[in-house]
Structures are given as C-alpha cells and as structure tokens.
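Report on one structure; see the data block that follows.
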Amino acid sequence: MTLILRLTSVRSFRATIPTLGPSVGLGSVWFGGCPTCNKLRTAARYQNTVGFRTYANVAAQKKDPRVELYTVLSSRAQQLSKPEKGEGVRQRQKKQEILKKRKVSSHVRLEPVMSSLHSAQQTHAQRSLSSKSNINVYTTNEVENKQTSQRNGSTPQWQTSHKKPFRSTPRVAESIVEEELDVIEEAEEEDAHEKIARRQEEIEKMKNMERRQNEEQAYILSFMEACVSIGEVDRATRTLHHLKSQKKRRKHLNADIYNVVMKGWAKQANMDKIRHLFYMMTKDGLHPNLQSYAAALECMGRAGLTGGVPIRCVKQMYKEGFNLEDIFRDCTFQVDEQEYILKAIQDGCGMADFTPPLLPPPQRCTTDLVSSIYADESSDNHRDESLQVQPLFTEDEVIQRCNTQLEMETQHWLKVESVEGQRQSSQEVLKLRELLQTHKTMWETGLLQAFRTLKKQMDRQSKAKGQLNIYPFLCVLEDQEYVDMMVQAICLVAVTGDPLLIIARDLGMKIQQKYRIKQKLQSGSVEKIGQIYQDYCSFMVNNNQGGKPGQARELWCQLEGEQGVGPVVGDEGAWPINLIINLGSLLVDAMVREVKIDNNLFRKTSEQKLIPALYHMYTYRNIKQVGIIKPHPMLVQLVEGAQDTNLVFDSSLLPMLMPPVPWSSIKKGGFLLSPTKLMRSNDATLQHELLLEKVGTSELYPILDSLNQLGACAWKINQPILDLVIRVFNNKGSKELDIPQPVSEAPTFPKLGTEILTNGDKQAMRKQMAQVRKLRSEMHSLRMDMLYKLSIANRFRHEIFYFPHNMDFRGRVYPCPPHFNHLGSDVARSILVFAEGHPLGEKGLDWLKIHLVNLTGFKKKNSQMERLQYANEIMEEILDSADNPMTGRKWWMTADESWQALACCMEIASAVRSPNPQAYISHFPVHQDGSCNGLQHYAALGRDITGAHQVNLMPADSPQDVYSGVARQVEKLRALDAEQGVKVAQVLDGFIKRKVVKQTVMTVVYGVTRYGGRLQIQRQLKDIPDFPQDYVWEASGYLVKKVFMSLREIFTLAREIQDWLTESARLISHVGSAVQWVTPLGLPVVQPYHKVKNKLVRNEMQNIILNVSSDTSERPDIIKQKNAFPPNFIHSLDSTHMMLTSLHCQQAGIQYVSVHDCFWTHACTVDTMNRICREQFVALHNQPILEDLSKYLLEEYGTLPSELQTSPAAVSKHEKLMEVLVDVPPKGEFDLKRVLDSTYFFS
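Next comes the structure, spelled out in structure tokens:
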C-alpha cells in the first residue's frame, strides 16, 4: 500500500518520515518536467508559508490525478494573500542561485512505499501522520497495484492514456532527496531572515524616530523654561504657536511644554491666555495633567476669581481623575505659588476648611537582610555608651557654618589659594602676574562686547522667525557671569590643545548648573531649606553617628513637612546634550575671535601687536580627526610663568562644612543646591533613573541610609603630614615618594644636528619626540591633580568637613567631591583623619601597630601576633620616623604605603609618649582589608572548600596568600615546560614572583581578558632589571595562560559560576536585551552597554560627532554585556556587604567608612567592626543568591520580544537561554559559619 503525501513544508516532511516506522522506505523518485507540474509549482510560490515543494503525482481512481491536484492547488493559491511586491521574484532568484551551486533539480516527486499492514495498523498509522503534521493521507488498493506494476517496469494505464505523458527519467538515490530538502529549507530560512531583517529595520527606524522626538521635546521644554525664567512669556507663546503651525514639529508638543507657558502666564494673572492654552491642548488631542490644573488655580488665585470659574476647574480636574491633595503632594512650586493655589481653593471655590495634606508616615523597609534593624525600636540598646563624644560644634557655630555652606553653593564656585603660591615669588613672576591681569581685563572687555552683540543677533532671529534658537539660554545668567566663565576657560586650555567638544561641554554644563541653582533661588524655597538644614545639623552634631539607621532621613522629611517644602524647582531633567554643546560652542567661538595677546610681550619693544591667543584647528588623535582649541605659545608662556595663586572650583567639587542633606528619595540628597545624582551615569543615560523609579522608595531605604551614614562621617586634616607633603611638592616633587614632579624636570626634546638624517633616524627621532611629548603631558596631568588635592586640603586645614556620597549603577559607593577624598592615593589618605576621637582602650595601640605593619607590606604571610611583635622590635625606627621624617634614617620611606605609614608612626609615637596610652584620644583610622574580596564572594557562592581556604574564609593560624599560591602553581607548570625544552619557560626561571601575577589574579575575577592580563604581566616584567627585555612580550603571553590555568585548578566552582554568568549574559544580549538584576538589598541594576551610536551635533563652528554607548534604543553590545556581567554582579555583592556592615555599625554607634572592600574605623572599635563584617557576610551568603538570580532572570527574559519571535535563530537562542538559566551551578560543602572564626577574612 502506498501513502500519497501532500506536504505543507519541508519541516513537516522531515518530521513525518521517522513516524512511519521501519516498514516505510522511499520508493521511486523521478524528476518531473511536465507543464502541469510547472504551473502547479508556480501557483504554490505565491505563498511561502504553504510551500508545496514536493508533491505525489498519483491519486486513487482518477484518469489523471494531476488535473484535480492542479485545480485544488490553484484555487487554494488564489485564496492566499499576495506577498509584498517583488517577494516572489526574490524567492525564485535565491532558490535558483542555491540550486545552481548544488546542481540539483527543482522538482522532485516522492513515492513512499509501505508494506502490507493490517487494517487496524493502517488506521493507526494514518492517525499518527495526521496528528504529527499538516499532511493529507490517501490509501487505495489500486494505487498499490499501479505502483507494483510501475516497479516492474510497466507503464501505468493513467499515464499512457494521457495526451502528454511524463518523460522517462532516471532514478536518484535517497541522499538526493535529502539534499533537495536541504536546499528548500535553506531558501525558506533565508527568506525568513530577510523578513526579520526588514522588521528589525522598521523597529530601528521607529526607535530612532522616538529618540529624536524625545530629544526635540527636551529641547523645546528647556527653551520654554528659559524663556519663562527670564520673563519672556510672549516669546515662549509665539514659539509655541509657530511649532503648532508646523505639521512636523506639532507632534513634539506635549502637556509639560504647555504647562511651562501656563505657569508663566499664571504669574501675570492672565486667565485669557490660560484658557487659550487649554483650548490648544485639547484641540491637539492632549490631556491637561495635574500641573496644568495647578497653573490654572494659581492664576485664579492671583486674579481673585471666585464662584463659577474655579468651581468648574476643580470639577473638571476631579473628572480627569485628579484631586486637590495630589497638587500639594506632587507638583513643584516657586515662591508664593502654593499660597495662591490654596487661596483659589479656599476663597474661590468656597472650601474654607480645605488644608494641604500632611506627609504620610514613613514606611518600613521589608527587605529580609535589614528588616530586624528597622523593626527594632530599641536599637539604641545596642550602642556603646563609652563611645559617646562631645558635640563637634556649638549652636552658634552650627548656624554660622550652615550659612557659609549655603552661601558657597549660592555663588556656585569658590576661589582656593594654590599651595604653589606659598613659595616666595621672584620679581619676574610678579611682573608676569601683572601682565596676565592686564590681559584678563582686556579679554573681559572684548568678550563682554562680543557677547552682547551675539545676544542681539540671536534676539533678532528669534523674533523675526519665531523659531527655537539659543537666545534665552544666553540670558539666564548675568552677562558678566558668562564672561567670567570664558576667561577662566582660557587659562585652563592645555598646552597641546583641548578638543572643542570638551571645552564646549564644560562651559555648557557650568551654565546649566548655575542656572539650576538660580532657579532654586527664584523659587523662594532656599530660605526654608536653610532653616531645615540648620535644624537637621543641630540634631546630627548632638547625636553620635546620626542616631539609628533611618533616623536622619525621617527627620529631614519631617522638617520639610513642617516647613511646607515640596518638590523643588531646579531638580528637573537636564538640558539635552546637543543644546549644551551648541551653547558652549558659541562661547568658544567668541573666545577664538576676540581673545588677543601681545606678540611683542616678551620682546624689548614698546610697540603692541595683538594676535589671536586661541586657534581652532584640526588634528589626528587615535586615528580620528578632531577639532581642537590650541593656545598660542605666548599665552602658554604667560600663564605658566605667572603661576596664578588662585584656583577656582565649583562648590560641588569641594567638601561640605556640615553634614550633607540626607538621601530621602532618588532625587533628593547630597548638596543643598548643587544638583547631585543618586546614581552616577552619563547625562544621556536615563535607564537607571527609570529603573529606580519603578521601585518603591521604602525598598531603597537601606541603600539611602547607608549613603547617609557614610556621608555623616566628620573629617579633619592631618596638618603635620600636609605640611611635609607641600614642602616636598614645592621642592620639585619626588618620584620615590610618589609626589609628581613639574614638567620642567621632564626629559627635553631631542635636538636636530647639522648632519643629514636617514629615514630610519628620522623615524627614531619622531618616535622619541612622541614619547617625550606623552611623558610631559602625563607629568603635567599628575602634577595638576596633586596641586588640586593639596590646595583643597590646605584650604580646609582648620576646618571640619564632610563628603556627600552617591553610587554607580552597581551600587559601589563614592564620595561626590572628586579631587580630594579618602578614596584617593596614599598621599590623600595620609592627610585625612577622623574629626571625632576616641580613647585607644585596651587593644587600640596594638591595632595601630598591626596597621602600621600592614601598610609596610613586610609581613603579609605572618600572623597578627608576629606582626605585633615585629612592630615592637622596630619601635626605635618608628619613633625616629615620627621625629625626623626628612632628616633621620627614613625607615618609613621603605613602606608600600609610605605616607600613610609615616602618619601612623606619628600617631603611635604620640600614644606611647602619653601618660596613659589607653586614655590617649586617637583620631586615626585603622583599615581592615578583604583578602581578594572578589574571589571571597565566588568561593562563598559556590561553597568551594579549596577556594575558601585560599582566600581566608576558613580559620587558619596565618593568612593564606592567594597570589603566592597562584605563583607557586605557575612555577610548577613552568618547571615542567622547562624540562621539556620550552625556551620561554627556561628564560622565566627565577622570575615568577608574587608581584608578577598579583594584579592579574586580583582582576581576573572582575573580568580581565587574557590580553588585558598579558599587558599587566608585561608591565611587571619590564620593571625587573635583570629580565631579558627581548622576551617580555612572549613571556607575558606564556604566563597569562598559566595564570588562567592555575586559577581554574584552584577555583573550580568559582570558574563554573563565572562561566554560567557569562553564558547567561551572552544569550540575554542575543535576544535583544540588556542584562539586569536586583541585589540582595533590593537595588535594581542594569548594564548600560549598548551599540555605539554616532550622534551629529551641528553648529557654526564645527560639526561634532558624539559617540553614545548608553542609548537604550540601540541593541545591546553583546561583547561588553557578557564580559561585564560577572564582575558587575560581584561588585554588586561586595557593595551589598559594605552597606550591610555600614548599617549595623551605625546601629552599634561606631564610626565606619569604606573604600569598597577596605573598611575603616577607630582603633578601639576594630574588633566590633570585624565581628559585624563577618556576621553580615555570612547573612548575605545564606541567602539563595544564585537561585534568586536565576528566578529573576527567568521571569524577566522568559518571553521573547515579539519582533524576534519569527526568527529561528532568536528562538533557538531563547530556548538555550532558558536551559542555561535553569541549570544553576552546583555548590560545594563549605560551611559559611566558619567565616565567623576566620581572623584573616578581613585583616
């Protein structure tokens, strides 16, 4: 019996053959060539989804079954929807190309043959085929007889009776059929890929349109706000009408843009304009929002309207789903807006009893890891009363310092005297300073005139055309403020020139920040904020460590409610980047045109010849052409020779004089007026803020309270150390002491002789000049960085100050002031001590001695008792270093962290010389550092016994050094290779030390690649004097392979987890999503790595191309996403551990700060901090971290995006992703509780 199959796709045919069982085989196969079959095939091509590629050309009891089959198929094909234009042609061309390559016919006739079956078996077979795929099954005895006669060589009767019989064709093997099916399937997949590609192009276009619309809306909104803020409401209204009249621009208008103009007219009590704007909104299909009704009510209150109009407005507002309480809770107010809105409600609507709603009571955090902290009402019982100290300030000092801080932020910048100015200046320097001041006065005059001319020109353009332009942004500040910014920028241009993009962006950002501060000043809320700040600071200085966790945040919210301060104007979104660059470019253009310098300045002539001081030119940097602003050599000589004694810093770059504003929400905290982001990100990146907004604020309380605790730490300057560092700095620095030297100490450029140079000599000289130029640039950068640090420290040498904190997208915490903080270098850390002091107590002096030995790096493999014994043995050297740091035996200079070691020597000397060392008040911070913290988290995640032993998670008599362990393992592998005659292994004999592999081992857990590790090892080998330099590159490549191999052997489970994270991220990226997760403390994290998008910013001076890599509308960068996920995930865990330790230390009442995985506290509280640190690490890793991550990722990425559901490749990747996410790496048998007894876990 024969089964005649009509297949709807090649896939269904492939799926069917195995179901027929061993009794079914492929019978005769012919190449058909009749016109009927050609027509049939042509008809089927109209619909790709019904691709009747293979047909059985026999049917039961028909004279010519092809006729019926053709009729059925033709009618079916006509019913199918026609493809898009050109689809059929493309399909035929593709198939012909594939067939041409494979030399296979496009028509195959299949006749599967089945041996005789019992009738019941036949019925079962038919049902099986019908259920497996879309196949029609035909069976008759006559077909079987005809096929039998056909196999015997006789011609079937229904073929001989036909007028146009088939041509006789040779048989082909079954492999030909498979090959033909491959051809057809490949053609179908290529067609599917084309459709997917076109669909993705359409989606890409839609995303680009949406992005452009968002950018245009941000630009319009910023323009309207600027117009209203300078009192140009008419200009804003005219521009709004102009945009509305343009079909292409009308779609960019939204309710927020209308609201800005409404608020402008509300100030003038112009109800007619408000009505007209409401009419325009509704005509355009826009719905007024809460801010719209607030503007209308404010206008009614100012106009004194009562009765019908206010009542109708309120009724309409309720009809739209809003209520009056929401206005006072969610809207932003300036000056007296809130009072007039309340007047419109109480007097205009006759609701005299209405009062603004009170703030809701603070919610409690429900995160498991910290629920006990917030639920424990008696947490003060955990605090050590012996640690209570006297307030740092009196009430009068609090008021005075709060006012000073507010005044400093109002001015936006502060002049700081340079430490270089402490040197006695020569007559030549004084003369150059006078010349520089004369030129600055001349520049100010020219720039002021040019700026006002530019404003008039922009004003005329805006009035004539009613279009958007830069004019209102040139008016948001006083003219002199713009000129001051430009003059400051002139003196900061680098000798080799700075890119126009950098200078323009910095100028635009400064204008924006100053404008936002001015907005807050105009809002009238600054006085209230100042009073709230005074009350808050009074509480903070009278409560050790700011009270219990969350108390500072709750107090600030309570004080805001009492003062009636809601959301503050000026905290809104930033200006778009193209606006910032265009605004800055206009100012830079004025600088290039107007700033002149006397060409005869250093010549003995009285004739003045003015030439441009700045030049706009193009150069190549990193094989890219870049427009730069380069100073004239005469200007460079003048600025460097004058040695200006004043440095100007924005207030947001300096420490605060009083505790920072506590973070109470994702948009409020840090500085008083200067805008501060909770999460550091590029200005173009909004995905982090959007992700945070989706999370309830109460769930972020642990993160906010941890930042508040770190920011509440009071600091002061270690003045003896600062004086020594400044002395060395002004004495041309010291390479040995890590004090940068001035550029005058750099190698000079090679001089050209009179001899003729060969091409090789010229190339060598160019290379040497490039190296000298690079070295001089690096020396200048390092010197300026140190100058900023020391100058700021010197400015605050008699002050107590604070560092506000924020975090990056992974949750890692950083101080906001970038130049001078405790996360800095060895020098910066040595200058800082705690403002609060505590008695050393019984073990405090021992901890100071152990800390000193840790800073030297001499006894890393020894136990704490051995380190303490060593410190006692070298007490004479310690005292000599403290007494004669620059003239004695200089033992402190041999330490790894030399300046911190010197500071510790001085603290120990003061303690041991005091009458009672235990009662000595110490301000010195003692550090406890994690032992390769990234690997500690991996070992704990995998419960890896071997790895836990290597990174000191298990108790031991002496610390385990993972770097030395890896070095020993690498040395074993090298020795084996050397015995086998490997040359590079023989060269490395005796050179594989701990220092060579340390950086690579430390960073491999954070995603360093083999190439990056090779560069790290290369640098270490270059620093070894005896190592043959010819083998550096080859040896570094050899060693990095051995280091990775050794780590895989030692940390097996850790590598499995890292591989699982990497593969998960790769597959998530392949399905079109950026990787995101939630930390155990509730912080949402998303990786901001996307394909680089070139953004063109047009301006008259030069078109600028921005490389934007954080645009969420672009596809994820697969390489960055997968490589960054493991290190970022581990970083999010170590930040969680740090925050948990922070909150519990605050609950215990002890001082605590951190430098990522290095924790600081007073010497007398080291034991308490160590206990908390270990307890919180165990509590953290007792959570099912990997299982929760797997569950979250399955929920987040369980559904494939609709645009990819038709892609076989994407579907395959998604199925693989589901398999990987479910397959969580196994765990070992390590007992986490052993961490509690590990001395060297943090030490």
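Per the numbering used here, residue 32 is the first one in the sequence shown, and the count goes up by one each step.
Built from N, CA and C at the ideal position, the CB exists for glycine as well.
- Going by DSSP, Cys380 is part of no beta strand (DSSP E) at all; its letter is neither H nor E.
- A check of alpha carbon separations from Ser962 across Gly973, Met937, Pro990 and Tyr250 identifies Pro990 as the nearest.
- Taking C-beta atoms as the reference points, Ile542 and Phe504 count as a pair closer than 9 Å.
- Within the region 651-716, complete alpha helix (DSSP H) segments of at least 4 residues are found at 664-673, given in chain order.
- Sequence-distant partners of Val460 (beyond 5 residues in either direction) whose C-beta falls short of 6 Å from its own C-beta, in its chain, are Gln674.
- Under DSSP, Tyr833 takes part in a beta bridge, and its partners are Met687.
- By DSSP's assignment, Tyr646 forms a beta bridge with Lys661.
- Residue ranges of uninterrupted beta strand (DSSP E) with 3 or more members, entirely inside the region 775-850 and ordered along the chain, are 836-838 and 844-846.
- Between the C-alpha atoms of Tyr819 and Leu678 there is a straight-line separation of about 8 Å.
- Within the DSSP bridge table, the entry for Ile748 names Leu863 as partners.
- Looking from the CA of Leu806, the closest CA among Met817, Val774 and His829 belongs to Val774.
- Taking one beta carbon from each stretch, the region 852-862 and the region 911-924 have fewer than 3 pairs nearer than 8 Å; the two do not touch.
- Two segments are said to touch when three or more pairs of C-beta atoms, one from each, lie closer than 8 Å; by this definition the region 1034-1051 does not touch the region 978-996.
- Between the beta-carbon of Asn749 and that of Ser861 there is about 7 Å, and that keeps the pair under the 8 Å contact cut.
- Here Val401 carries a coil assignment [DSSP, helix/strand/coil].
- Here Arg797 is exposed. Its C-beta has fewer than 16 other C-beta atoms within 10 Å.
- Sequence-distant Cβ neighbours of Val982 in its own chain, meaning closer than 6 Å and more than five residues away, are Ser962, Cys963, Leu966, Gln967, Ala970 and Val993.
- Collapsing the DSSP output to three states places Ser1185 in a strand.
- Asn1138 and Val1123 have their C-alpha atoms spaced approximately 6 Å apart.
- In chain order, Thr728 place their CB closer than 7 Å to the CB of Ser696, counting only its own chain and leaving out the 5 sequence neighbours on each side.
- In the three-state reduction of the DSSP assignment, Leu463 falls in the helix class.
- In the three-state DSSP reduction, Asp510 falls in the helix class (H, G or I).
- Our two residues, Ile1099 and Pro1147, have alpha carbons roughly 9 Å apart in a direct line.
- Secondary structure note for Glu428: its alpha helix (DSSP H) is the uninterrupted segment Glu426 to Gln442.
- Under the three-state reduction of DSSP, Asp367 is assigned to coil, being neither helix nor strand.
- Ala795 and Gln802 have their C-alpha atoms some 11 Å from each other.
- Here Gly658 really is in contact with Leu531; their C-beta atoms are around 5 Å apart, less than 8 Å.
- Rounded to the nearest angstrom, the gap between the Cα atoms of Leu284 and Pro607 is 16 Å.
- Rounded to whole angstroms, the gap between the alpha carbons of Leu523 and Gln772 is 19 Å.
- Counting along the chain, the unbroken alpha helix (DSSP H) around Leu722 starts and ends at Gln718 to Lys725.
- Of all alpha-carbon atoms in Gln1030, Leu1211, Tyr546 and Ile548, the one lying nearest the alpha-carbon of Leu1171 is that of Leu1211.
- In chain order, Gly764, Pro771, Gln772, Pro773 and Val774 place their CB closer than 8 Å to the CB of Arg814, counting only its own chain and leaving out the 5 sequence neighbours on each side.
- In this structure, DSSP gives Ser1163 a helical state, which the three-state scheme calls helix.
- Looking at Cys330, Lys1053 and Gly316, the one whose alpha-carbon comes closest to that of Arg306 is Cys330.
- Counting along the chain, Ile628 sits inside no alpha helix (DSSP H); it lies in the beta strand (DSSP E) bounded by residues Lys627 to Asp629.
- Per the C-alpha coordinates, the member of Ala644, Asp629, Tyr646 and Leu645 positioned closest to Glu638 is Asp629.
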